[in-house]
Each structure stands twice: as C-alpha cells, then as structure tokens.
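>
There are 2 protein chains.
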Amino acid sequence: MLIKELSNRTGISIHTLRFYENYSLFRGVSDENIKTNNYKDYDESVVEKIKMIKGAKEVGFTLSEIKALLDSWYNEHFSIDKKVEVVNNKVSEIDSKILKLKQVKNLLLNAIKVIESEDC
Amino acid sequence: MLIKELSNRTGISIHTLRFYENYSLFRGVSDENIKTNNYKDYDESVVEKIKMIKGAKEVGFTLSEIKALLDSWYNEHFSIDKKVEVVNNKVSEIDSKILKLKQVKNLLLNAIKVIESEDC
DNA sequence: TGATAGTATAGACTATACTCTATACTTTAA
DNA sequence: TTAAAGTATAGAGTATAGTCTATACTATCA
Chain S
1 MLIKELSNRT GISIHTLRFY ENYSLFRGVS DENIKTNNYK DYDESVVEKI KMIKGAKEVG
61 FTLSEIKALL DSWYNEHFSI DKKVEVVNNK VSEIDSKILK LKQVKNLLLN AIKVIESEDC
Chain H
1 MLIKELSNRT GISIHTLRFY ENYSLFRGVS DENIKTNNYK DYDESVVEKI KMIKGAKEVG
61 FTLSEIKALL DSWYNEHFSI DKKVEVVNNK VSEIDSKILK LKQVKNLLLN AIKVIESEDC
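Residue numbers (the UniProt record's numbering), protein chains in the order written: chain S, 1 to 120; chain H, 1 to 120.
Below you can see the structure in the form of structure tokens.
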C-alpha cells in the first residue's frame with residue numbers, strides 16, 4: 001500500500017509517518033520495476049509495527065527506546081537468546097509501568113473515597 | 001523542608017522542581033515571620049504530590065493533563081460530585097493505558113514464542 | 001491533455017519538558 | 001568575618017517529537 005493508505009490504516013498522519021520512517025522505525029520499498037516514480041510500498045508488517053509503536057508511545061516509551069527494541073529484534077548478528085533477553089527486559093519495564101499505573105489509580109480512588117466520606 | 005531536601009526526597013532535580021512550581025503543579029510557602037529571606041518551605045503533602053506527578057509522567061501523562069487534574073481537585077468552586085467525575089475519568093484513562101501495556105506485552109511475549117519455536 | 005490529487009525530499013517551525021547559566025542575595029560553619 | 005554552600009529569579013539553550021511549507025515530480029480521470 002502507499003503512504004496514504006498506511007496513514008488511514010494506522011491513524012497516523014502522513015507527515016508523522018515520514019518522520020518515523022526517517023527515524024528508521026520502519027521502511028517502505030520502492031518497486032524497482034517501476035522506473036517512472038519512487039513511490040514507496042508498505043506491507044502488512046509495517047502496519048503491525050506502527051500499531052505497536054503507537055501503543056508503546058501512548059504508555060510513555062520514547063521513540064529511541066522503541067527503535068532500540070526494533071533494531072535488536074531485526075539485527076541479524078544477534079543470537080536468538082540475545083533477542084529474547086532484550087525483549088524480556090522490555091517486558092519487565094512494561095510490568096513496572098503497569099504497577100505504576102495501578103499505584104496512581106489507587107491514589108486517585110483513595111482520594112475519591114476520602115472526599116466522599118468527608119461529605120457526610 | 002527546603003528545596004534541596006525536597007529534591008532528595010523525590011529524586012527530582014532542583015531545577016526541575018522549580019520548573020514544576022512555576023508550572024503551578026504545587027507551591028511552597030515562604031515563612032512570613034522570617035523577613036531576611038524568601039526561602040520556600042515544602043511540606044509532606046508536596047512530596048506526595050510530586051510522587052504522583054512522577055508516576056503519572058512515567059506512564060505517559062503530560063504535565064498539562066496532570067495540572068488539569070490537580071487544578072480541579074483543589075478547585076473550591078467545584079462540587080464534590082464534579083471532582084469525583086473528573087477523577088473517575090482519569091481512572092478510566094489509566095485503565096485503558098493498562099490495557100495498552102498488556103497488549104504490547106502480549107505482542108512481545110508472542111514474538112518470543114515464535115522466534116523460540118522457529119529455533120527447533 | 002490538462003486539472004486535480006498523490007508522492008518525495010528538504011528544511012523551517014513549533015510545543016513540551018526540561019536543563020543550564022547568570023546574577024544576586026542569604027545562611028552557616030571555620 | 002569571610003569562604004562555601006544554599007536559595008530565588010529570569011532568561012537562554014537543548015532534546016524530543018512532531019507539524020508545516022515549499023518545491024518538484026507522478027498518476028489518473030474527465
């Protein structure tokens with residue numbers, strides 16, 4: 001698919017997608033058979049990647065962290081064990097973020113409880 | 001406590017604390033009895049507030065979102081019901097962030113599963 | 001075949017959240 | 001009493017992550 005469709009599929013603006021592509025978070029390929037243009041084609045795997053990037057960003061991961069993860073995942077010089085290790089580390093970070101969210105949530109729920117009990 | 005201790009207690013740099021105070025996320029009070037300086041004093045409630053801010057930031061909430069929450073919480077013109085509503089909305093946002101984190105986590109765990117099964 | 005819409009690249013601009021520097025004043029311990 | 005450390009304020013500088021503009025080329029449909 002071309003960039004417009006990629007934008008529609010992911011809900012990310014064309015400008016931002018190009019910014020991400022420049023940042024090397026993913027890349028499209030121009031069809032070598034077509035000499036008249038260098039329009040880039042993006043496949044389903046790019047859509048999946050971007051959905052992951054989107055989710056990771058919304059919960060506070062930076063582009064540089066996301067890039068580091070993707071880079072090691074697709075690094076041919078990394079052993080499977082090494083890749084698994086990198087990903088497992090990221091999973092731990094996610095767990096600690098979930099914990100943090102739960103703490104903030106409890107803090108808010110507790111504040112509600114206190115204010116409602118004072119109401120009596 | 002003075003700003004240095006506040007910094008030690010929260011793990012946030014003095015510079016950043018001042019930036020937050022300017023942003024009106026909290027405020028210290030200068031002792032009116034002491035005329036020789038205008039050193040600001042911060043109490044335990046400020047420490048708690050900053051810990052909340054820190055946690056909220058780490059999971060992707062912006063300073064402006066955090067400020068909006070604090071502002072309505074301490075807004076004397078808001079009814080208790082209104083405050084509870086605002087906080088409950090934030091709790092929903094937290095729940096959806098937790099969900100997103102779990103999705104990204106499953107995505108990563110699944111990637112590990114796939115790469116390890118290919119290894120055989 | 002020409003108007004319209006789409007694509008690529010480069011570079012300027014912006015918002016957010018710090019981070020640092022300069023300056024001036026205050027406190028404290030030697 | 002003075003040197004060192006701490007505090008306040010203002011403003012400049014930086015990093016991250018977009019967002020927009022200009023320019024040029026390409027595709028498609030009436």
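Yeah, the Cβ is synthetic: ideal placement off N, Cα and C, and Gly gets one too.
Ignoring anything shorter than 4 residues or poking outside the UniProt domain "HTH merR-type" (1 to 72) of chain H, list the alpha helix (DSSP H) runs there in chain order.
Within the UniProt domain "HTH merR-type" (1 to 72) of chain H, the complete alpha helix (DSSP H) runs of at least 4 residues are 3 to 10, 14 to 22, 44 to 58.
> Just how far apart, CA to CA, sit S:Thr62 and S:Val86?
Their backbone Cα atoms lie some 16 Å apart in a straight line.
> Please list, in chain order, the chain H residues whose beta carbon lies closer than 8 Å to that of S:Ala111.
Near S:Ala111 (Cβ distances below 8 Å), the residues of chain H are Trp73, Val87.
> Inspect the beta-carbon positions of S:Ile14 and S:Ile3 and report whether they are closer than 8 Å.
The answer is yes: Cβ separation under 8 Å.
> Please return the same chain residues whose Cβ sits closer than 7 Å to the Cβ of H:Val59, not counting the five positions on each side in sequence.
Taken in chain order, the residues that qualify are Lys97.
> According to DSSP, is H:Glu76 helix, strand or coil?
Three-state result, H:Glu76: coil.
> Can you pull out the residues from the UniProt domain "HTH merR-type" (1 to 72) of chain H whose beta carbon lies closer than 7 Å to at least one beta carbon of chain S?
From the UniProt domain "HTH merR-type" (1 to 72) of chain H, only Met52, Gly55, Ala56, Glu58, Val59, Gly60 have a Cβ closer than 7 Å to chain S.
> May I have the straight-line CA-CA distance separating S:Lys40 from S:Asp71, to the nearest angstrom?
S:Lys40 and S:Asp71: Cα-Cα distance of roughly 21 Å.
> Report the residue from S:Leu107, S:Asp81, S:Ser79, S:Glu48 whose alpha carbon sits nearest the alpha carbon of H:Val104.
Cα-wise, what sits closest to H:Val104 is S:Glu48.
> By Cβ distance, which residues of its chain are closer than 6 Å to S:Lys90, with the 5 residues on each side in sequence left out?
The residues are Leu69.
> Strictly below 8 Å CB to CB, what residues from chain H border S:Val91?
Residues of chain H passing the Cβ test: Lys105, Leu108, Leu109.
> By Cβ distance, which residues of its chain are closer than 7 Å to H:Val29, with the 5 residues on each side in sequence left out?
So the list reads Lys40, Asp41, once near-sequence residues are dropped.
> Alpha carbon to alpha carbon, what distance is there between H:Leu25 and H:Thr65?
The sequence given here has Glu at residue 65 of chain H, not Thr. If you take the alpha carbons of H:Glu65 and H:Leu25, they lie about 11 Å apart.
> If we ignore side chains and look at the alpha-carbon of each, how far apart do H:Phe78 and H:Ile50 end up?
If I take the Cα positions, the gap works out to 23 Å.
> Spell out whether any CB of chain S is found under 8 Å from the CB atom of residue 131 of chain H.
Residue 131 of chain H lies beyond the range of chain H shown here (1 to 120); nothing can be said about it.
> Along chain S, which residues have their Cβ under 8 Å away from the Cβ of H:Glu116?
Residues of chain S passing the Cβ test: Ile80, Val84.
> Decide if H:Tyr20 is buried, meaning its Cβ has at least 16 other Cβ atoms within 10 Å, or exposed.
Counting Cβ neighbours within 10 Å, H:Tyr20 comes out buried, since at least 16 surround it.
> If you check the beta carbons only, do S:Lys83 and S:Trp73 fall under 8 Å apart?
Cβ atoms of S:Lys83 and S:Trp73: closer than 8 Å.
> Using beta-carbon positions only, say whether S:Lys113 and H:Gly55 come within less than 8 Å of one another.
No, the Cβ-Cβ distance between S:Lys113 and H:Gly55 is not below 8 Å.
> Ignore the nearest five residues each way along the sequence and tell me which others in S:Val46's own chain have a CB closer than 6 Å to its CB.
Contacts found: Phe26.
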